[in-house]
Each structure stands twice: as C-alpha cells, then as structure tokens.
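This report refers to the structure that appears directly beneath it.
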Amino acid sequence: AKAKKAEEEAAAAKKAKEEAEAKAKVEAEARKKAEEEAAAAKKAKEETAAKAAAEAEVRIKAEEKAKAEAEAKKTEEIAAAAKRAKEEAMAIAEAKAKKAEEETVAAKEAQEEAKARKKAEEEAAAAKRAKEVAKAIADAKAKKAEEEAAEAAAAKKAAAKKAKE
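When we follow UniProt numbering, the leftmost residue of the sequence shown carries the number 1, and every step to the right adds one.
Next comes the structure, spelled out in structure tokens:
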C-alpha cells in the first residue's frame, strides 16, 4: 500500500510537472507572439512616421516651389511696371520735345511775320515821304507857274496900256 501511495504521488508529481511545463510552454508562446506583435506594431509605427516625414518633405518642397514662383512672378510684374513707366516717360519726353519744336517753329514764323510787317511799315512810310516830296515839288511848280502867269498878265496889261497910249 505504501508503495502504491508513493507511485500515485510520483504520478501526481509527474502530472503536475507536465502541466507546469505545458503551462510554461503556452506562456512562452504567448509571450513570443506578444513580442512579435509589438515588433510589428513598432515597425508599422516607424513606417508611418517615415511616410509622414516624406509627405511633409514633399509638401515643404511644393510650398517652397510655389513661393519661388510667386516671387518670380512678382519680380516679372515689377520689371513690367518699370518698363511701362519708362515707356510712358519716354512718350511724355517725346511729346514735350515735339511741342517745344512746334513752339520754336511758331516763334520763328511770328518773328518772320513781325519782320515782314516792319518792312511793310517802313516801305509805307517811305512811300508817304516820297508822296509828300512830290506834292511839295508840285506845289512849288504850281506856285512858280502862278507867279509866271501873274507876271505875264501884268506885262500884257502894261503892253495893252502902252498900246492904248
């Protein structure tokens, strides 16, 4: 009976040992599985982070490109505005030069007109003087003729008187 009891105890101990081993095996497997899952999660997390970083880099590059394009456009607009301003200034300068030229021509014409008017006035004055001289000469001649006629009349009268006597 003692031997039987010892056998049973040994069997029970063996069974307990096997159960403990089986339990430990299951626990080890579960732990291994958990570790694998944790590693996979870590890997997935790292991949997600890398993807996010790559996307951020792409976005930053796109933003920088857009910024550079906007700056280039702004520079172009400034250059175009400067060109327009230069063209306008040139057009204004040309218009002013043309106006000055026209004014010079007009002034020259006015000067020539004044010269011609002065010449005409001088000629008219000379003609007036010549007319006055001619009139004076004619007056003197008429006076002389009158005097001669008077003298002739007096002589005629005297001759008639003499003839009468």
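A virtual CB, placed ideally from N, CA and C, is assigned to each residue, including glycine.
Excluding five sequence neighbours on each side, which residues of the same chain lie with their C-beta closer than 8 Å to the C-beta of residue i?
i, result
"E9", "none"
Enumerate in chain order the residues of its own chain whose CB-to-CB distance from residue i is below 7 Å, with the five nearest sequence positions on each side excluded.
i, result
"A120", "none"
| query | Can you give, in chain order, each stretch of the alpha helix (DSSP H) that sits fully within the UniProt region "Disordered" (98-129) and has at least 4 residues? | reply | none
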